[in-house]
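Reading through the structure tokens given below for one structure.
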Amino acid sequence: MTDTQASNGPVIDVHGLNKHFGDKHVVKDLDMRVGRGEIYGFLGPNGSGKTTSIRMMCGLLTPDSGAGTCLGYDILKQSAEIKRHVGYMTQKFSYWDDLTIRENLDFIARMYEMKDRKQKVDKALEDLGLASRAKQLTGSLSGGWKQRLALAACMLHEPQLLLLDEPTAGVDPTARRDFWEELHRLAANGISVLVSTHYMDEAERCHKLAYIAYGSLLAQGTAQEIIDSQALHTWSLHGDNLVPLAEKLRHEAGVDQTVAFGNALHVSGKDASALEKSLKQVAEQQHLKLEPAQTSLEDVFIYMMNQSTDNFAEPKP
Ligand SMILES: Nc1ncnc2c1ncn2[C@@H]1O[C@H](COP(=O)(O)OP(=O)(O)OP(=O)(O)O)[C@@H](O)[C@H]1O
1 MTDTQASNGP
11 VIDVHGLNKH
21 FGDKHVVKDL
31 DMRVGRGEIY
41 GFLGPNGSGK
51 TTSIRMMCGL
61 LTPDSGAGTC
71 LGYDILKQSA
81 EIKRHVGYMT
91 QKFSYWDDLT
101 IRENLDFIAR
111 MYEMKDRKQK
121 VDKALEDLGL
131 ASRAKQLTGS
141 LSGGWKQRLA
151 LAACMLHEPQ
161 LLLLDEPTAG
171 VDPTARRDFW
181 EELHRLAANG
191 ISVLVSTHYM
201 DEAERCHKLA
211 YIAYGSLLAQ
221 GTAQEIIDSQ
231 ALHTWSLHGD
241 NLVPLAEKLR
251 HEAGVDQTVA
261 FGNALHVSGK
271 DASALEKSLK
281 QVAEQQHLKL
291 EPAQTSLEDV
301 FIYMMNQSTD
311 NFAEPKP
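The opening position of the sequence shown corresponds to residue 1 in UniProt numbering, with each subsequent residue numbered one higher.
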């Protein structure tokens, strides 16, 4: 690999990755390509293989088959190089509660044997807005500040790619928004980010997305490309007693899915005319307000997940 390949090519380019744990096929023929400076969202239900995929892409876990590169380095043969250039934030917060923010960062800098340690720690504190809290004990920080510390720690060695595994799980909306502002600032400076999340608002803030369910990648592209790929038509129904209504609608022609959004029900289907006919009939009979709606990313993700559950279901006797 030349320096030019390392600096110009995609930051992640993997093909046909497979991983089994025992008899469980956890990741199936995964192809993924992440461009430089992109924030790439990785979504999917719990246990669908996101963490396993991330670990294979950064050389922490060897795939059973498949190949590819991360930052231009071979994921099978150059994992040490990859680790040097990647910042990996795991799901579990793993810093010392009884050290201050500065002490924790200094500890990490020692582990990396950084020569200009103080300078690097000062810069990380400044860049991530942690300077005013540098002396605060980590155990006393709120979830949002802990995530900020974790991000600072994985930025210390100035990686070109961040792999963030559900970095904002359990963090309040304001702290999550601040965290995402930070990610966009990093991306604007050329840092690439692969981030797994269960939050739809975060998915919408990514440049591109991949959706994985039960080990298979079901869609990837921009949010709009993913929405378009499923060709769903959606209507919104407003009224009372939406739960029994949803149950009833699921048996109507053209209705593939119902999702409650507050006081409205999103009803989606592939067959536009059958869906419209059924909904108009029900709305008229039950005096409900019916209007066309944009299919949302959430509608599409729920649809894809349900489809893939069907594919994995035991055949009926
Ligand atoms: N080391 C392991 N040994 C055995 N099974 C494992 C191991 N790591 C993961 N698994 C299993 O592989 C499947 C995928 O797990 P993974 O953590 O990759 O999913 P995920 O999409 O990241 O889930 P979540 O959103 O809950 O973090 C799960 O069924 C999990 O139990």
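All C-beta atoms, glycine included, are put in the ideal place defined by N, C-alpha and C.
Check                                                                                                                : Outcome
Contact test: lysine 24 Cβ vs ligand 1 heavy atom, cutoff 7 Å                                                        : yes
Other residues of its chain near glycine 239: CB distance less than 6 Å, five sequence neighbours each side excluded : Leu288
Best match in Ser94, Val282 and Leu61 for proximity to glutamine 78 [C-alpha to C-alpha]                             : Leu61
Outcome for aspartate 299 when other beta-carbon atoms lying within 10 angstroms are tallied against a minimum of 16 : buried
Euclidean distance between Cα positions of aspartate 29 and phenylalanine 261                                        : 34 Å
Sequence-distant residues of the same chain with beta carbon closer than 8 Å to lysine 277, five excluded per side   : Ala253 and Gly254
DSSP-derived helix/strand/coil call for aspartate 310                                                                : Note that aspartate 310 scores a pLDDT of 49, beneath 50, so its modelled location is shaky and nothing firm can be said.
Phenylalanine 107: CB within 7 Å of a non-hydrogen atom of ligand 1                                                  : no
Classification of phenylalanine 42 by the beta-carbon crowding that lies within 10 angstroms, buried from 16 upward  : buried
Proline 292 - partner residues in DSSP beta bridges                                                                  : Trp235
Glutamine 281, DSSP secondary structure in three states                                                              : helix
Lysine 50 CB to nearest heavy atom of ligand 1 below 7 Å                                                             : yes
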